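Student:
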Amino acid sequence: MSEKVTIKDLDQVVIRFSGDSGDGMQLAGNIFSTVSATVGNSISTFPDYPADIRAPQGSLTGVSGFQVHIGAEQIFTPGDLCDVLVAMNAAALKTQYRFAKPGATIIIDTDAFGEKDLAKAEFKTADYLGEMGIDPDRVIACPMTTMVKDCLTDSGMDNKSILKCRNMFALGLVCWLYDRDISVAFAFLHEKFARKPAIADANERVIQAGYDYGHNTHSSAANVYRIETKHKQPGRYMDITGNKATAYGFIAAAEKAGLKLYLGSYPITPATDVLHELSKHKSLGVTTVQCEDEIAGCCSAIGASFAGALGVTSTSGPGLCLKSEAMNLAVILELPLVVLDVQRGGPATGLPTKSEQTDLLQALFGRNGESPMPVIAACSPTDCFYAAYEAARMALEHTTPVVLLTDAYVANGSGAFKLPDLNAMPAICPPYVPEELKGKWTPYMRSENGARYWAVPGREGFEHIIAGIEKDAQTGVISTDPENHQLMTDLRRQKVERIPVPDLQVMGDADDAELLIVGFGGTYGHLHAAMDTMRAEGHKVAMAHFRHINPLPANTAEVLRKYPHVVVAEQNCGQLAAWLRMNVDGFSPEQYNEVKGQPFKVANLVEDFTRRFF
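Adding 110 to a residue's 1-based position in the sequence shown gives its number in our numbering.
Here is the structure:
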């Protein structure tokens with residue numbers, strides 16, 4: 111064994127933690143992401159939850175994965191294949207090895223590869239490495255379970271609790287392999303387990319043991335690797351998930367507008383974390399109510415908006431179906447409301463832990479009557495903060511419900527988030543009814559931008575009643591007059607159409623591209639990486655990504671008509687493509703569609719686009 115291991119600098123690395131659901135792979139991955147974010151590395155993560163959440167221990171369907179991509183420069187995806195695969199048991203190795211690059215380093219707990227473990231994972235022989243064609247020289251095999259037990263033998267913890275710490279041993283080993291500062295991991299643990307210091311101490315000891323094991327044995331590795339950030343931007347950073355960023359965006363918007371924030375929500379995967387996060391911030395004027403059902407959640411948020419708060423309701427696709435009646439109520443009341451839809455896989459209960467973009471047409475049209483709503487789609491975990499802020503600003507300034515689309519990929523994934531200066535965020539100015547209209551005001555009088563004036567209850571002289579039946583545009587009383595109904599329908603539509611949104615930006619070879627790649631929402635990183643790869647290969651490629659879907663940017667038609675070939679890539683069967691055809695005369699794009707519950711693979715995008723267009 112050599113006494114010194116060479117430290118090599120890398121531009122990027124992809125690591126995948128995998129094990130049983132309950133083995134703590136998400137926690138290990140999150141801590142490693144946090145450690146990397148604090149040194150300014152660009153990161154992108156992908157938690158891949160098991161298909162069977164309550165699968166038997168050691169079974170193939172119960173494997174949980176967490177992939178993190180760390181870069182010295184800006185990165186856009188969690189990576190197609192990993193450089194390091196941590197497999198905590200035989201089932202994890204069997205199912206996750208397909209995500210490893212040829213020649214990847216494999217870290218395994220040999221204690222979890224016994225005869226019974228191999229049988230559950232459907233290995234046919236005891237030579238599991240040979241059976242899968244894995245080079246033993248690329249494997250760091252160590253008895254993690256045994257060493258964790260030895261490490262915590264005097265801790266007073268029971269055997270079950272001790273075994274829950276195995277993930278921290280793997281984390282310590284990976285921290286050694288990539289020259290990470292484990293003191294940051296220690297700080298994370300002591301904050302997370304502040305009320306259980308004994309648990310924090312035990313996990314700290316195990317991380318240190320894993321790090322020391324790598325350091326003392328060199329763990330069959332020829333090199334230790336370092337990813338040094340090349341272009342550091344001063345600021346305070348944190349590793350943040352999309353759901354947490356969304357929650358923070360709502361809090362920031364409410365504070366900027368000088369309002370209380372109310373969330374009415376029924377817990378539903380994968381949106382529940384937004385409810386959990388906001389419930390922690392009562393000190394910031396946040397009220398959360400876990401409602402009995404989706405309709406109650408939405409209606410209570412509408413009531414909060416009527417009372418003068420920023421009303422928000424959160425859900426996923428199946429819940430959005432149920433909220434549609436209440437959303438229509440918000441449309442006709444013309445009250446500010448943000449409806450967060452964290453999209454997930456499949457119709458009905460479908461694939462609750464998987465990611466898709468299949469709710470777009472529901473967000474645009476899934477209500478009775480003419481009921482237009484602005485639709486915004488966040489494009490990354492960190493962008494969720496700004497998208498939530500923008501959705502809230504739009505709802506408040508234009509007195510309209512707004513649909514904010516994220517998806518399981520961006521909601522559960524994470525990135526390095528530079529904390530913004532709230533003072534630098536755009537102002538939010540709700541159209542409160544001016545005092546000079548006292549005595550003359552009626553409930554459907556409008557501001558210059560077409561927004562219905564907001565009269566918060568309690569203001570003398572502005573008492574009013576609104577409800578779900580159509581109202582007279584002048585008097586605000588119930589009306590069934592056909593001409594008035596036409597007028598009110600037009601006014602609600604025009605109000606949404608006039609909302610100013612930024613122009614569509616074109617990246618890459620904007621002036622002379624042969625191919626324009628178009629997408630929306632969480633596919634941004636994969637499409638951007640595909641464009642970069644193709645340009646590096648000498649192809650003329652550009653990209654336009656929609657954040658604002660309704661209303662569309664004013665230059666949409668100009669951009670889409672500019673290029674010889676346009677391909678709309680989305681994780682559905684063509685919903686954005688259909689919407690663009692409806693709004694751009696004569697536009698007939700090519701399509702790339704996948705509905706697999708998994709993010710795009712950059713390599714697949716590059717192969718398909720190159721074959722079809724070059």
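The beta-carbon is built from N, C-alpha and C at its ideal position, and this holds for glycine as well. Here the structure is a predicted model, which means the values were calculated and not measured.
Can you give the Cα-Cα distance for Leu-474 and Ile-659, rounded to whole angstroms?
Tutor: Here the question's residue 474 lines up with position 364 in the sequence shown. Here the question's residue 659 lines up with position 549 in the sequence shown. Taking the straight line joining both Cα atoms gives about 9 Å.
Student: Grouping DSSP H, G and I as helix and E and B as strand, with all else coil, what is Pro-709?
Tutor: Within the sequence shown, the letter at position 599 stands for residue 709. In this structure, Pro-709 counts as coil in the three-state DSSP scheme.
Student: His-751 by DSSP, collapsed to three states: which one?
Tutor: Only positions 111 to 724 of the chain appear in the structure, and residue 751 is not among them; the question remains open.
Student: Helix, strand or coil for Asp-517 per DSSP?
Tutor: For this step, residue 517 is matched to residue 407 along the sequence shown. Residue state, collapsed to three classes: strand.
Student: Exposed or buried, Gly-578, counting other C-beta atoms within 10 Å across all chains shown (16 or more means buried)?
Tutor: If you number the sequence shown from 1, residue 578 lands on position 468. By the 10 Å Cβ count, Gly-578 comes out exposed.
Student: Please go through the same chain and pick out, in chain order, the residues whose beta-carbon is closer than 6 Å to the beta-carbon of Ser-481, but skip the five residues on each side of it.
Tutor: Working through the sequence shown from its first residue, we reach residue 481 at position 371. For Ser-481, where only same-chain residues beyond five positions count, the Cβ hits under 6 Å are Asn-438 and Val-441.
Student: Is Glu-607 buried or exposed, if buried means 16 or more other CB atoms sit within 10 Å of its CB?
Tutor: Working through the sequence shown from its first residue, we reach residue 607 at position 497. Flag for Glu-607 reads exposed.
Student: Considering just the uninterrupted stretch of the alpha helix (DSSP H) at Ala-362, what are its terminal residues?
Tutor: As a position in the sequence shown, residue 362 is number 252, starting the count at 1. First-last of the alpha helix (DSSP H) with Ala-362: 352-367.
Student: Gly-181 and Ser-143: beta carbons closer than 8 Å?
Tutor: Position 71 of the sequence shown, counted from the first residue, corresponds to residue 181. Position 33 of the sequence shown, counted from the first residue, corresponds to residue 143. Not a contact, by the Cβ cut-off of 8 Å.
Student: Does the beta-carbon of Glu-573 have 16 or more other beta-carbons within 10 angstroms, so that it is buried, or is it exposed?
Tutor: Here residue 573 is taken as the residue at index 463 of the sequence shown, counted from 1. Looking at its Cβ environment, which holds fewer than 16 other Cβ atoms inside 10 Å, Glu-573 is exposed.
Student: By how many angstroms is the C-alpha of Leu-369 removed from the C-alpha of Gly-418?
Tutor: On the sequence shown, position 308 is the one that residue 418 refers to. On the sequence shown, position 259 is the one that residue 369 refers to. Approximately 7 Å, taken between the alpha carbons.
Student: Using the Cβ count rule (16 or more neighbours within 10 Å means buried), how would you classify Leu-394?
Tutor: In the sequence shown, the residue the question calls residue 394 occupies position 284. Leu-394 is exposed by the Cβ-count criterion.
Student: For Ala-323 and Leu-283, which I take to be in contact (beta-carbon distance under 8 Å), what is that distance rounded to the nearest angstrom?
Tutor: In the sequence shown, residue 323 corresponds to position 213, counting from 1. In the sequence shown, residue 283 corresponds to position 173, counting from 1. For the sequence presented, residue 323 should be read as Tyr rather than Ala. Indeed they touch by this definition, with Cβ atoms about 6 Å apart.
Student: According to DSSP, is Pro-726 helix, strand or coil?
Tutor: It is not possible to answer for residue 726, since the shown part of the chain is limited to 111 through 724.
Student: Roughly how many angstroms separate the alpha carbons of Leu-273 and Leu-371, rounded to a whole number?
Tutor: If you number the sequence shown from 1, residue 273 lands on position 163. If you number the sequence shown from 1, residue 371 lands on position 261. Looking at the two C-alpha atoms, the distance is approximately 41 Å.
Student: Between Met-555 and chain B, is there a C-beta pair that is closer than 8 Å?
Tutor: Judged by its chain identifiers, the structure shown contains no chain B, having just a single protein chain.
Student: Tell me the rounded alpha-carbon separation between Lys-706 and Ala-679.
Tutor: The residue you call residue 706 lines up with position 596 of the sequence shown. The residue you call residue 679 lines up with position 569 of the sequence shown. Roughly 14 Å between the two C-alpha positions.
Student: Is Pro-536 buried or exposed, if buried means 16 or more other CB atoms sit within 10 Å of its CB?
Tutor: Walking along the sequence shown from the start, residue 536 turns up at place 426. Looking at its Cβ environment, which holds fewer than 16 other Cβ atoms inside 10 Å, Pro-536 is exposed.
Student: Might you give, ordered along the chain, the residues of its own chain that have their beta carbon closer than 6 Å to the beta carbon of Phe-156, omitting 5 neighbours on each side?
Tutor: Taking the first residue of the sequence shown as 1, we reach residue 156 at position 46. Cβ within range, chain order: Gln-177, Pro-188 and Gly-523.
Student: Please state the DSSP three-state secondary structure of Glu-704.
Tutor: Your numbering for residue 704 matches position 594 in the sequence shown. Of the three classes helix, strand and coil, the one that applies to Glu-704 here is coil, per DSSP.
Student: By Cβ distance below 7 Å, which residues in the same chain neighbour Gln-184 in space, the five residues on each side in sequence not counted?
Tutor: The count along the sequence shown starts at 1 and reaches residue 184 at position 74. Hits under 7 Å: Ser-152.
Student: Determine which residues share a DSSP beta bridge with Trp-689 and list them.
Tutor: Reading the sequence shown from its first residue, position 579 is the one you call residue 689. According to DSSP, Trp-689 shares a beta bridge with no other residue.
Student: Can you find at least 3 beta carbon pairs, one from the stretch 638-654 and one from the stretch 617-630, that sit closer than 8 Å?
Tutor: yes
Student: Work out the CA separation of Asp-260 and Phe-233 for me, nearest whole Å.
Tutor: Locating residue 233 in the sequence shown gives position 123, counting from the first residue. Locating residue 260 in the sequence shown gives position 150, counting from the first residue. Straight-line Cα distance between these residues: approximately 29 Å.
Student: Take the Cβ of Lys-548 as the centre, count every other Cβ of all protein chains shown within 10 Å, and call the residue buried at 16 or more, exposed below.
Tutor: On the sequence shown, position 438 is the one that residue 548 refers to. Burial call: exposed.
Student: Over the uninterrupted alpha helix (DSSP H) stretch that includes His-595, give me the two end residues.
Tutor: As a first step, residue 595 is located in the sequence shown; it is residue number 485 there, counting from the start. Residues 592-607.
Student: In its own chain, which residues sit with a C-beta less than 7 Å from the C-beta of Gly-618, not counting the 5 before and 5 after it?
Tutor: The residue labelled residue 618 in the question sits at position 508 within the sequence shown. If we look at Gly-618 and ignore the five residues flanking it on each side, its Cβ neighbours are Met-641, Arg-645, Val-651, Ala-652 and Met-653.
Student: Opposite Ser-169 in the DSSP bridges: which residues?
Tutor: Taking the first residue of the sequence shown as 1, we reach residue 169 at position 59. In the DSSP output, where bridge partners are listed per residue, Ser-169 has none listed.
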